[in-house]
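A.B. asks: Per our numbering: the sequence shown ends with 364, consecutive numbering throughout.
For every residue, glycine included, the Cβ atom is placed at its ideal position computed from N, Cα and C.
Here the structure is a predicted model, which means the values were calculated and not measured.
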Amino acid sequence: NVSNMSGMFSGCQALTSLDVSKFNTQNVSNMSGMFSGCKALTSLEVSNFNTQNVTSMIGMFRDCKALTSLDVSNFNTQNVTYMGSMFSGCEALTSLDVSNLNTENVTNMSCMFSGCQALTSLNVSKFNTQNVTDMGGMFAGCEALTSLDVSKFNTQKVTDMSNMFNGCKALTSLDVSNFDTEKVTYMDGMFLHCKALTSLDVSNFNTENVTHMGGMFYGCESLATIFCNRNWEDGHKVNDKRMFYDCTQLKGTYTSYDASKTGIEMANPTTGYFTSKTTGIDYVKTADRAGEEKAYDLSGSRVNESYKGIVIKNGKKYIQK
44 NVSNMSGMFS GCQALTSLDV SKFNTQNVSN MSGMFSGCKA LTSLEVSNFN
94 TQNVTSMIGM FRDCKALTSL DVSNFNTQNV TYMGSMFSGC EALTSLDVSN
144 LNTENVTNMS CMFSGCQALT SLNVSKFNTQ NVTDMGGMFA GCEALTSLDV
194 SKFNTQKVTD MSNMFNGCKA LTSLDVSNFD TEKVTYMDGM FLHCKALTSL
244 DVSNFNTENV THMGGMFYGC ESLATIFCNR NWEDGHKVND KRMFYDCTQL
294 KGTYTSYDAS KTGIEMANPT TGYFTSKTTG IDYVKTADRA GEEKAYDLSG
344 SRVNESYKGI VIKNGKKYIQ K
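#1: Please check the pair Thr-198 and Asp-177, which I expect to be a contact at CB under 8 angstroms, by giving their CB distance rounded to whole angstroms.
#2: Could you please give me the residues that DSSP links to Cys-271 through a beta bridge?
#3: Pick from Gly-232, Tyr-261, Leu-243 and Cys-159: whose alpha carbon is nearest that of Val-253?
#4: Go through its chain and collect everything with a Cβ distance to Asn-221's Cβ below 7 angstroms, but skip five positions before and after it.
#5: By a C-beta neighbour count over all protein chains shown, 10 Å radius and 16 as the cutoff for buried, is Glu-251 buried or exposed?
#6: I'd like to know if the stretch 285-293 and the stretch 343-352 are in contact, where contact means that at least 3 CB-CB pairs between them fall below 8 angstroms.
#7: From Ser-72 to Thr-120, what distance separates their C-alpha atoms?
#8: Taking DSSP as the reference, what is the three-state secondary structure of Ile-353?
#9: What is the C-beta distance between Leu-136 and Thr-163, in whole angstroms, given that I count them as a contact (C-beta under 8 angstroms)?
#10: For Asp-140 and Phe-118, I'd like the C-alpha separation in whole angstroms.
#11: Using beta-carbon positions only, say whether Thr-189 and Thr-228 come within less than 8 angstroms of one another.
#12: Can you tell me the Cα-Cα spacing of Gly-158 and Thr-313, whole angstroms?
#13: Going by beta-carbon coordinates alone, are Ser-265 and Lys-238 separated by less than 8 angstroms?
#14: Just how far apart, CA to CA, sit Glu-225 and Lys-200?
#15: Using only CA atoms, which one of Ile-307, Tyr-297 and Ser-86 lies nearest to Asn-282?
#16: Smallest Cα separation from Arg-285: which of Ala-267, Asp-244, Phe-270 and Phe-260?
#17: Does DSSP classify Gly-334 as helix, strand or coil?
#18: Quick one: what's got a C-beta closer than 6 angstroms to Cys-55's C-beta in the same chain, skipping five residues either side?
#19: Taking Cβ to Cβ, would you say Glu-186 is nearer than 8 angstroms to Cys-211?
#20: In whole angstroms, give me the CA-to-CA distance for Thr-172 and Ser-116.
#21: Taking the beta strand (DSSP E) that Asp-231 falls in, what are its first and last residues?
#22: Straight-line CA distance for Met-230 to Leu-165?
#23: Looking only at DSSP bridge pairs, what is Leu-243 linked to?
#24: Suppose contacts are defined by Cβ-Cβ distances below 8 angstroms. Is Val-175 in contact with Thr-150 by that definition?
#25: Between Asn-143 and the ligand FMN, is the CB less than 7 angstroms from at least one heavy atom?
#26: Here's the rule: buried if 16 or more other CB atoms are within 10 angstroms of the residue's CB, otherwise exposed. What is Gly-352?
#27: If you drop the 5 nearest sequence neighbours on each side, which residues of the same chain put their C-beta closer than 6 angstroms to that of Asn-47?
#28: Which same chain residues, not among the five before or five after Gly-102, have their C-beta less than 8 angstroms away from its C-beta?
#29: Closer than 6 angstroms by C-beta to Thr-215: which residues in its own chain qualify, once you throw out the five before and the five after it? Chain order, please.
#30: According to DSSP, is Tyr-326 part of a helix, a strand, or is it coil?
#31: Am I right that Ala-267 and Ser-242 are in contact with their C-beta atoms under 8 angstroms? What's the rounded C-beta distance?
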């Protein structure tokens, strides 16, 4: 008849074995922090847990540092709303099957996999994130991940994306092009130390409500291109001097990286390190040749007034006749 197992074995740091395989958990609604801090456990059999009534799994396996395997593939999580820090600090796990977790009611995924430094793969492609509001630090410190599919994440309710991919050092690509960021206020450290990324497309990002962008791209030493939309809000509400620190390969539409210019003022496609991404012609007009702005063709090369065709001026496309 137990309904609450919150923190049941929390802080049992010296336990090397624990048999919970025959636990009847059919009435349990709270498993938050259940095994949190069981640092010496190398295995844990929870595959038969009945979790159909559980609403909170916050920190359930947090800092189970010695676990090398964990089977949660049969967990029924249809009623779970809190998964924050669920696997945080499980630094010895090399694999984790979460592909069948039902996340449709989850609101908190903050630090869910943070510090899972040995994971080489993680399938979250089918996660339903329609109700999630907090993704802060979700994959922070997953330094062995070489791929991560978040392309179908529904982020329409998310307000916190700070440190979401911080320290994902082995990721060579990351598709966040469909992220809806209209409600996001925190993006600080979002891609911090993503050292292997070569390009990022944030052209769909709406940063109008973002108040924290500190170190957003800090330490992305392989990053060559960041695509943005021409209406990118450059973070006028914040003051960050190291947003692009050590992004030595980065080059904007017209500007190459300068180690003395790493602040948020460089977060623009005209005089900064962003590359404007447009999908069509913004304006069609016959250009007045006198006193015109600098013009560039689609490859980024400077063109003069005699050039005919599509040109880019101040981040906008025109047809010059």
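C.D. replies: Once the coordinates are examined:
#1: Stepping through the sequence shown from its first residue, residue 198 is reached at position 155. Stepping through the sequence shown from its first residue, residue 177 is reached at position 134. At roughly 11 angstroms, the Cβ-Cβ gap does not stay under 8 angstroms, so Thr-198 and Asp-177 are not in contact.
#2: Translated into positions along the sequence shown, residue 271 becomes position 228. Partner(s): Ser-319.
#3: Along the sequence shown, one-based indexing puts residue 253 at 210. Shortest Cα-Cα distance from Val-253 to any of Gly-232, Tyr-261, Leu-243 and Cys-159 involves Gly-232.
#4: Start at 1 with the first residue of the sequence shown, and residue 221 comes out as number 178. Taken in chain order, the residues that qualify are Ser-194 and Asn-247.
#5: Within the sequence shown, residue 251 is the residue found at index 208, counting from 1. By the neighbour-count criterion, in which 16 or more other beta carbons inside 10 Å mark a residue as buried, Glu-251 falls on the exposed side.
#6: Segments in contact, no.
#7: What you label residue 72 is simply residue 29 of the sequence shown in a count that begins at 1. What you label residue 120 is simply residue 77 of the sequence shown in a count that begins at 1. Ser-72 and Thr-120 have their C-alpha atoms roughly 11 angstroms apart.
#8: By one-based count along the sequence shown, residue 353 stands at place 310. Assigned with DSSP and collapsed to three states, Ile-353 falls in strand.
#9: Within the sequence shown, residue 136 is the residue found at index 93, counting from 1. Within the sequence shown, residue 163 is the residue found at index 120, counting from 1. Approximately 10 angstroms separates the beta-carbon atoms of Leu-136 and Thr-163; this is outside 8 angstroms, ruling out the contact.
#10: On the sequence shown, position 97 is the one that residue 140 refers to. On the sequence shown, position 75 is the one that residue 118 refers to. Taking the straight line joining both Cα atoms gives about 11 angstroms.
#11: Position 146 of the sequence shown, counted from the first residue, corresponds to residue 189. Position 185 of the sequence shown, counted from the first residue, corresponds to residue 228. With respect to Thr-228, Thr-189 sits apart: the two C-beta atoms are not nearer than 8 angstroms.
#12: Along the sequence shown, one-based indexing puts residue 158 at 115. Along the sequence shown, one-based indexing puts residue 313 at 270. Rounded to the nearest angstrom, the two C-alpha atoms are 37 angstroms apart.
#13: Residue 265 sits at position 222 when you count from the first residue of the sequence shown. Residue 238 sits at position 195 when you count from the first residue of the sequence shown. Less than 8 angstroms divides the Cβ of Ser-265 from the Cβ of Lys-238.
#14: For the purposes of this step, residue 225 is identified with residue 182 of the sequence shown, where counting begins at 1. For the purposes of this step, residue 200 is identified with residue 157 of the sequence shown, where counting begins at 1. Cα-Cα distance, rounded: 8 angstroms.
#15: Position 239 of the sequence shown holds residue 282. Cα-wise, what sits closest to Asn-282 is Ile-307.
#16: Here the question's residue 285 lines up with position 242 in the sequence shown. When each option's Cα is compared against that of Arg-285, the closest is Phe-260.
#17: Stepping through the sequence shown from its first residue, residue 334 is reached at position 291. Per-residue confidence for Gly-334 stands at a pLDDT of 49, beneath the threshold of 50, marking its modelled position as unreliable; the derived number appears in the next sentence. It is coil, neither helix nor strand.
#18: By 1-based counting over the sequence shown, the position of residue 55 is 12. Same-chain partners within the cutoff: Cys-81.
#19: As a first step, residue 186 is located in the sequence shown; it is residue number 143 there, counting from the start. As a first step, residue 211 is located in the sequence shown; it is residue number 168 there, counting from the start. In contact: Glu-186 and Cys-211 (Cβ atoms closer than 8 angstroms).
#20: As a first step, residue 172 is located in the sequence shown; it is residue number 129 there, counting from the start. As a first step, residue 116 is located in the sequence shown; it is residue number 73 there, counting from the start. Spanning the two alpha carbons is a distance of roughly 18 angstroms.
#21: Indexing the sequence shown from 1 puts residue 231 at position 188. Run containing Asp-231: none; DSSP gives neither H nor E here.
#22: Taking the sequence shown and counting its residues from 1, the one referred to as residue 230 is at position 187. Taking the sequence shown and counting its residues from 1, the one referred to as residue 165 is at position 122. Cα-Cα distance, rounded: 23 angstroms.
#23: Mapped onto the sequence shown, residue 243 falls at position 200. Per DSSP, the beta-bridge partners of Leu-243 are Ile-269.
#24: In the sequence shown, the residue the question calls residue 175 occupies position 132. In the sequence shown, the residue the question calls residue 150 occupies position 107. Annotated as proximal: Val-175 and Thr-150, with beta-carbon spacing under 8 angstroms.
#25: In the structure on display, the ligand FMN does not appear, and there are no ligands present to speak of.
#26: Position 309 of the sequence shown, counted from the first residue, corresponds to residue 352. Exposed, because fewer than 16 other Cβ atoms sit within 10 Å of the Cβ of Gly-352.
#27: The residue you call residue 47 lines up with position 4 of the sequence shown. Exclusion of the five residues before and after Asn-47 leaves Asn-73 as the residues of its chain whose Cβ lies within less than 6 angstroms of its Cβ.
#28: In the sequence shown, the residue the question calls residue 102 occupies position 59. Counting only Cβ-Cβ distances below 8 angstroms, and skipping sequence neighbours, we find Ser-75, Gly-76, Ser-79, Gly-127, Ser-128, Met-129 and Ser-131.
#29: For the purposes of this step, residue 215 is identified with residue 172 of the sequence shown, where counting begins at 1. Within the same chain, Thr-215 has close Cβ partners Ala-239.
#30: Stepping through the sequence shown from its first residue, residue 326 is reached at position 283. For Tyr-326, the pLDDT reaches just 47, beneath the cut-off of 50, and the residue's location in the model is therefore unreliable, leaving the point undetermined.
#31: Position 224 of the sequence shown holds residue 267. Position 199 of the sequence shown holds residue 242. Between Ser-242 and Ala-267 the Cβ distance is about 6 angstroms, and since that is below 8 angstroms, they are a contact.
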